[in-house]
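Asks: In my numbering, each residue's number is its place in the sequence shown (first place is 1) plus 7.
Where a beta carbon is used, it is the ideal one built from N, C-alpha and C, also for glycine.
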Amino acid sequence: MEETKKVVFLESAYSLLLYIMMDDNFEEDSIFVYHGKSINGVFEHSKVNVETIYIPREEYINVIEVKNLFKRKIAKKKYKKYLKEKLLDLIKEKTHGCKIEYFGNDNEVEPKILWKEIEKFTVIEDGWSNYRSDHFEAYLKRFKNKFKKKEDLKRGLSPKVEKIILSGLTKVPEIISEKVEIIDFKKLWKKKTEIQKQKIYNFFGMETADIEKISRKKVIFLSQPLEEDESLTHEETVELYRKIFKNYNENDILFKLHPRGIFIYKNEFPQIEIFTSKIPFQIFEYMGVDFDTVTTIYSTAVWDIKNAKKIDFFGTKVHPKLLAQFGNIER
Numbered sequence: 008m009e010e011t012k013k014v015v016f017l018e019s020a021y022s023l024l025l026y027i028m029m030d031d032n033f034e035e036d037s038i039f040v041y042h043g044k045s046i047n048g049v050f051e052h053s054k055v056n057v058e059t060i061y062i063p064r065e066e067y068i069n070v071i072e073v074k075n076l077f078k079r080k081i082a083k084k085k086y087k088k089y090l091k092e093k094l095l096d097l098i099k100e101k102t103h104g105c106k107i108e109y110f111g112n113d114n115e116v117e118p119k120i121l122w123k124e125i126e127k128f129t130v131i132e133d134g135w136s137n138y139r140s141d142h143f144e145a146y147l148k149r150f151k152n153k154f155k156k157k158e159d160l161k162r163g164l165s166p167k168v169e170k171i172i173l174s175g176l177t178k179v180p181e182i183i184s185e186k187v188e189i190i191d192f193k194k195l196w197k198k199k200t201e202i203q204k205q206k207i208y209n210f211f212g213m214e215t216a217d218i219e220k221i222s223r224k225k226v227i228f229l230s231q232p233l234e235e236d237e238s239l240t241h242e243e244t245v246e247l248y249r250k251i252f253k254n255y256n257e258n259d260i261l262f263k264l265h266p267r268g269i270f271i272y273k274n275e276f277p278q279i280e281i282f283t284s285k286i287p288f289q290i291f292e293y294m295g296v297d298f299d300t301v302t303t304i305y306s307t308a309v310w311d312i313k314n315a316k317k318i319d320f321f322g323t324k325v326h327p328k329l330l331a332q333f334g335n336i337e338r
C-alpha cells in the first residue's frame, strides 16, 4: 500500500491543536509548512519532533516594500516563482515519492502559490472567521475575485476543497455547508489515551504542573498581542492591564499569554501567575476544567468556553486606540 504524507499549511496554534487532535500519528505522517514567527515559536519549543518547512516572512516583506510600482510587480512575480520552486523541491525531498494529502488554511501564502499543483484540499477551522457569512460575501465581492475561475477561489470555496473541518462554534454559513464536517473535539479528547494526551501536552510544551496551576486559579485572563501587533505601546498595554486587574484579587488571576505573545509582563505583575505555554486555551474546555471567571479585552476564544461561571468581556471601548483600530467589539 502506498504511504501517505500530509502537507499542512497552518499559521494559528488553535488550528494546529485541532489538526494534531485528529491525527494521532502527526509526528510521523505530517509536514508542517508555515511562515509566521509565532507559530515557528511553537515548533521551536515543542518536545515532539516533527517535519517542518519554515519560510520566513521577511523575504516577502522586502518585496512588497519596493516603492516603485512597476519594479514591485516584477519583484513579486520573481519571488512567487522562486518560492514555488523552493516549496516544490522541499516537499518532494520530504515526501520521498509518497502520496500527498493537503490540509490547513487554503488562504495562506504557501497554498496559494502551490494551488495549481494541488488537486484536493481539506480546510481546518481557524476560528470565528470560518462562520462569518459576511466575510464570504465580502471576499466574493472583491474586484479581483469576481474574475477568478471557481477552482482558484479560497476560503474553502474552490471545488478542490472537498472537506471543511469545523468544531461547530455556531451556525455554519450556507455557502460552505455541503462541505462541512463537524467534529466534537471535547468528545475526541475524551477518547484519547493518556499517552496520546501527553504527546499533545509535550507538543505545546505544557507540563502536568501547568494543569494544576490552571485548576487552582479563580480568574483566567486571556491576553492578546496588543504590544506585539503595535496596537498599543508597552506602557499603554501595562496601564490597561492594571485597570482590568483592579477588578479582581491579583492572587486569583492566571494570566494566559496569547500564542503570539512575546512580552511576559512578569516584572510588571509579580503577584500574578503568567502562563506562557503556547497551547491554545480551548484545550482546557476539552479537558473539562471549570473556571469561576474568564476575562478578556476582546479575545473570541472566550466564546469557545462552555464551563465558565462568568465571562467578563471588556471590549475595545476600554481604550480609544483599540476602538479606532478595530471598531466597537463588545459582547
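Is the Cβ-Cβ distance between E158 and K170 less than 7 Å?
Replies: Against a cut-off of 7 Å, the Cβ pair of K170 and E158 comes out as no contact.
Asks: If we count Cβ pairs, one from each stretch, closer than 8 Å, do we get three or more for the segment 40–54 versus the segment 17–32?
Replies: Yes, the segment 40–54 touches the segment 17–32.
Asks: For Y138 and F333, what's the separation of their Cα atoms in angstroms?
Replies: If you take the alpha carbons of Y138 and F333, they lie about 19 Å apart.
Asks: Tell me, to the nearest whole angstrom, how far the beta carbon of L94 is from that of E117; I am working on the premise that it is less than 8 Å.
Replies: So it is a contact: roughly 6 Å between Cβ atoms.
Asks: Helix, strand or coil, according to DSSP, for D159 in the structure here?
Replies: Looking at D159 - three-state DSSP - the assignment turns out to be helix.
Asks: So is L24 buried or exposed if we call it buried at 16+ other beta carbons inside 10 Å?
Replies: The residue in question, L24, is buried, as its Cβ has 16 or more Cβ neighbours within 10 Å.
Asks: State buried or exposed for I68, treating a residue as buried only when at least 16 other CB atoms are found within 10 Å of its CB.
Replies: Classification of I68: exposed, given that the 10 Å Cβ count is below 16.
Asks: I need the DSSP call for Y61, collapsed to helix, strand or coil.
Replies: Three-state DSSP puts Y61 in a strand.
Asks: Out of curiosity, what's the CA-to-CA distance linking K84 and V70?
Replies: Straight-line Cα distance between these residues: approximately 10 Å.
Asks: Please report the straight-line C-alpha distance between E246 and I62, rounded to a whole angstrom.
Replies: Distance between the alpha carbons of E246 and I62 is about 36 Å.
Asks: Check each candidate in L239, I221, E235 and name the one with the smallest Cα separation from V301.
Replies: Minimum Cα distance to V301 is reached at I221.
Asks: Suppose you measure from the CA of I38 to the CA of D236; what does that come to, to the nearest Å?
Replies: If I take the Cα positions, the gap works out to 28 Å.
Asks: Cα separation between E126 and C105?
Replies: So the two alpha carbons sit approximately 15 Å from each other.
Asks: Below 8 Å on the Cβ atoms is my guess for I172 versus V130; work out the distance and round it to an integer in Å.
Replies: The Cβ separation is near 7 Å, so the contact holds.
Asks: Taking I171 as part of the beta strand (DSSP E), name the residues at either end of that continuous run.
Replies: Its beta strand (DSSP E) spans residues 168–173.
Asks: What do you reckon, are the CB atoms on R162 and N114 nearer than 7 Å?
Replies: For R162 and N114, yes; Cβs fall inside 7 Å.
Asks: Just checking N314 against the ligand PLP - is the residue's beta carbon closer than 6 Å to any of the ligand's heavy atoms?
Replies: Here there are no bound small molecules, and the ligand PLP is not part of this structure.
Asks: Helix, strand or coil: how does DSSP classify V325 here?
Replies: Three-state result, V325: helix.
Asks: Does the segment 197–204 touch the segment 261–275, meaning 3 or more C-beta pairs lie closer than 8 Å?
Replies: These segments do not touch.
Asks: For S37, does the three-state DSSP call read helix, strand or coil?
Replies: In the structure shown, S37 sits in a strand (DSSP, three-state: E or B).
Asks: Could you tell me the boundaries of the beta strand (DSSP E) in which K281 lies?
Replies: Note that residue 281 is Ile in the sequence shown here, rather than Lys. Looking at the DSSP string, the run of the beta strand (DSSP E) that includes I281 is 280–282.
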